[in-house]
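Chains as they are written, first to last, in the numbering used here: chain A, 1 to 283; chain B, 1001 to 1435.
Backbone N, C-alpha and C fix where the C-beta goes; we use that ideal spot for every residue, glycine too.
Just so we're clear, the structure is a prediction, and the values are computed from it rather than from any experiment.
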């Protein structure tokens, strides 16, 4: 069976809503890309036709490829071109991000939430390239930014009262964010996000970083990549809040010392980032 | 003659560390020219520190002198020998292939083994020996280092043994010590975890009347198109701690499957294996809840299968985790009952709802009457405790008949159905429903 013949099924699986099937184990489209990436000579046309079968995804990928984040000189006009320019690995990550949003209902709260996640992801990718002391792959930093708080979207969707809980956890509190959640829920968004990421075959370090991203220092294995991912994303969130002056949270107060140490950053260094990051936030 | 060219150790008359290195260099150039093999054995006495601590360094020195003499008398003409540490010796054996090197190691063990009298106390010397064979890219330093590492591996295995370099455990990605094959499996597991190489297959558990009580989710792993048997990857996953990730992955996938089946109008209880490493963690129930929330599934469609290694030590944490799962309405099955660590005493500590009799009792049925008696007794016990009793591994009609006669409630095995992937299971169920 050709991929095109399969595509209505794939497209169908993507539009299934959360209420019907819960979080997809791993969207079929990502599985297809993974299978293709695992081959000795991946067939770009196969992957392109899978993506092209979903107009929304195709458009999302093309506009993402043309965003200043990727800094491509030539404007991309088709899925094939986007694939050629980004490569399979980046495409797979980009598609994961796009699919992640798509499976949740487009409520105003979630739309705002995803927009913040996308900016944090871009800032994270940008920081990973810019910061000398940080040896994290920018693509990993980007993916981590996208998926870090996916658990929040799941919980908002399942528990209407979670939004109130979220604002309480965001306020300055001596307790950690996840401890505030755990006082009201049997789990927390970091654990939910970690499971989700595992199911979507994200790299192990990203999954563990998701699980421990509200601990400073995290009780995860003391792996430099995990620590740096957490530090980069918290710094990205702080930069975003600095520029947008929106939804300021108490998190930076708790995370600052850990982040600066992990990223080998001085207070002066941080000051210079405020200015330099402005164009990225404006995307 | 040769000895005089190199530095010697004054207490034993053997080569010292530096002398050993130079001798190895010379032997390497000699055997390379003639195409002969060269073996290096690195010997370290077991428990020598205790001798030094108990009998003082003088006592220790006497033991070393005695053992040096034994080695020199018996083997001095067949190898160049070095004394390279307080209780460490190196034998460079030219022209010895691997088989001969291993025989040499056995001989060394026998030579040093006679008891030593230490002021009335008797010490029976044993040693850990590392063997390295000269490889095409080795220089003297690398060769000796490999023998030393193999010796450390022999020590880790408890001593009084030899390990050949290249087969010793190495540090894995997760920091555990693994032998080479395990290391390859660990690598493949990581690739599978990040590349979509894991899958759950489902095997139905069926009652005599054809009723399906549940399906057990069984993990399958493939890496670059090659399937890896659970018999191989589960022990490696347990050793490296990866089992927690695999277990959580199964929890979410199994829960999602249960929800999916229920959506399709084929509600099927799904039994998911959880490991000891997951349950000893106080935060297990957070992950369990996260899986239930993500899958949006009713807890009574889920069962947890507890592997028998859990029963090594049932801590308060384990009990709390199990109680919490039970309170949610999740079923608990004791897997592989009757073998390994599982025992009758555990039954009172675990709020289990299902007892799964180990396949070892089933495969010998119906001929083995003693096994039949055990199956009957365990079944009765399980029922007395209010549990459903399941027998695993039934492959023939005669076994199914015997198990039915013994009174087990449900049977799982190839006789009824093999484990199947999700798509195959759905068509299998639909096919049955038509009948």
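One or two residues paired with residue i in a DSSP bridge
i	result
residue 1298 of chain B	Paired residues: none, contrary to the question.
residue 1273 of chain B	B:1305
residue 1227 of chain B	B:1222
residue 1042 of chain B	B:1090 and B:1130
residue 1412 of chain B	B:1392
residue 1081 of chain B	B:1091
residue 1117 of chain B	B:1122
residue 122 of chain A	None; residue 122 of chain A has no bridge partner.
residue 1212 of chain B	B:1206
residue 220 of chain A	Partner(s): none; residue 220 of chain A has no beta bridge.
residue 1420 of chain B	B:1202
residue 128 of chain A	Answer is none; residue 128 of chain A lacks a bridge partner.
residue 1217 of chain B	B:1202 and B:1272
Listed by chain order, chain B residues near residue i by CB distance under 8 Å
i	result
residue 158 of chain A	1293 and 1296
residue 154 of chain A	1293 and 1294
residue 204 of chain A	1190, 1193, 1194 and 1245
residue 133 of chain A	Result: empty, since nearest Cβ-Cβ is about 24 Å, beyond 8 Å.
residue 201 of chain A	1193, 1194, 1195 and 1196
Test: residue i CB closer than 8 Å to a CB of chain A
i	result
residue 1304 of chain B	no
residue 1285 of chain B	yes
residue 1426 of chain B	no
residue 1220 of chain B	no
residue 1196 of chain B	yes
residue 1249 of chain B	yes
residue 1004 of chain B	With a pLDDT of 47 at residue 1004 of chain B, under the threshold of 50, the modelled position of that residue is not reliable, and the figure given next carries that caveat. So no, residue 1004 of chain B is outside the interface.
residue 1420 of chain B	no
residue 1253 of chain B	yes
residue 1077 of chain B	no
residue 1281 of chain B	no
Beta carbon proximity, residue i to chain B, threshold 8 Å
i	result
residue 87 of chain A	no
residue 223 of chain A	no
residue 108 of chain A	no
residue 316 of chain A	Residue 316 of chain A falls outside the range modelled here, since chain A spans only 1 to 283, and no answer is possible.
residue 137 of chain A	no
residue 35 of chain A	yes
residue 198 of chain A	yes
residue 166 of chain A	no
residue 227 of chain A	no
residue 192 of chain A	yes
residue 21 of chain A	Residue placement at residue 21 of chain A cannot be trusted, given a pLDDT of 46 that sits under 50; what the coordinates show is reported in the next sentence. At least one chain B Cβ lies under 8 Å of residue 21 of chain A.
residue 5 of chain A	With a pLDDT of 34 at residue 5 of chain A, under the threshold of 50, the modelled position of that residue is not reliable, and the figure given next carries that caveat. For residue 5 of chain A, the answer is no, since every Cβ of chain B falls outside 8 Å of its Cβ.
Terminal residues of the alpha helix (DSSP H) in which residue i lies
i	result
residue 1200 of chain B	Where residue 1200 of chain B is concerned, there is no enclosing alpha helix (DSSP H), although the beta strand (DSSP E) it sits in stretches over 1198 to 1206.
residue 242 of chain A	224 to 244
residue 254 of chain A	251 to 262
residue 320 of chain A	Only positions 1 to 283 of chain A appear in this structure, which leaves residue 320 of chain A out of reach.
residue 1190 of chain B	1180 to 1195
residue 1401 of chain B	1397 to 1406
residue 1355 of chain B	Looking at the DSSP string, residue 1355 of chain B is not in any alpha helix (DSSP H); the run it does join, the beta strand (DSSP E), is 1354 to 1357.
residue 279 of chain A	278 to 281
residue 1157 of chain B	Taken as a continuous stretch (DSSP letters only), residue 1157 of chain B belongs to no alpha helix (DSSP H), as it is neither H nor E.
residue 265 of chain A	Taken as a continuous stretch (DSSP letters only), residue 265 of chain A belongs to no alpha helix (DSSP H), as it is neither H nor E.
residue 178 of chain A	177 to 184
residue 215 of chain A	Taken as a continuous stretch (DSSP letters only), residue 215 of chain A belongs to no alpha helix (DSSP H), as it is neither H nor E.
residue 45 of chain A	44 to 52
residue 38 of chain A	28 to 38
Residue range of the beta strand (DSSP E) that includes residue i
i	result
residue 1128 of chain B	1127 to 1133
residue 1094 of chain B	1088 to 1094
residue 1163 of chain B	1161 to 1164
Residue i: contacting residues in chain A (beta-carbon distance under 7 Å)
i	result
residue 1289 of chain B	186 and 187
residue 1433 of chain B	Correct list: empty, because the minimum Cβ distance to chain A is about 22 Å.
Chain A contact residues for residue i, given Cβ-Cβ distances below 8 Å
i	result
residue 1224 of chain B	38
Neighbouring residues, chain B, relative to residue i (Cβ below 9 Å)
i	result
residue 31 of chain A	1196
Contact set between residue i and chain B, taken where Cβ atoms lie within less than 7 Å
i	result
residue 195 of chain A	1248, 1252, 1287, 1290, 1291 and 1294
| Contained alpha helix (DSSP H) runs [length at least 4] in the stretch 133 to 171 of chain A, N- to C-terminal order | 138 to 147, 150 to 158 and 162 to 170
| Fully enclosed by the stretch 1324 to 1388 of chain B, which beta strand (DSSP E) runs are 3 residues long or longer? | Qualifying beta strand (DSSP E) stretches, in chain order: 1331 to 1337 and 1354 to 1357.
| said: My parser needs the alpha helix (DSSP H) runs of 4 or more residues fully inside the stretch 1008 to 1064 of chain B; what are they? | reply: 1017 to 1034
| request: Just list the alpha helix (DSSP H) runs in the stretch 1232 to 1277 of chain B, keeping only unbroken ones of 4 residues or longer that don't cross its boundaries, in chain order. | output: The qualifying runs are 1242 to 1263.
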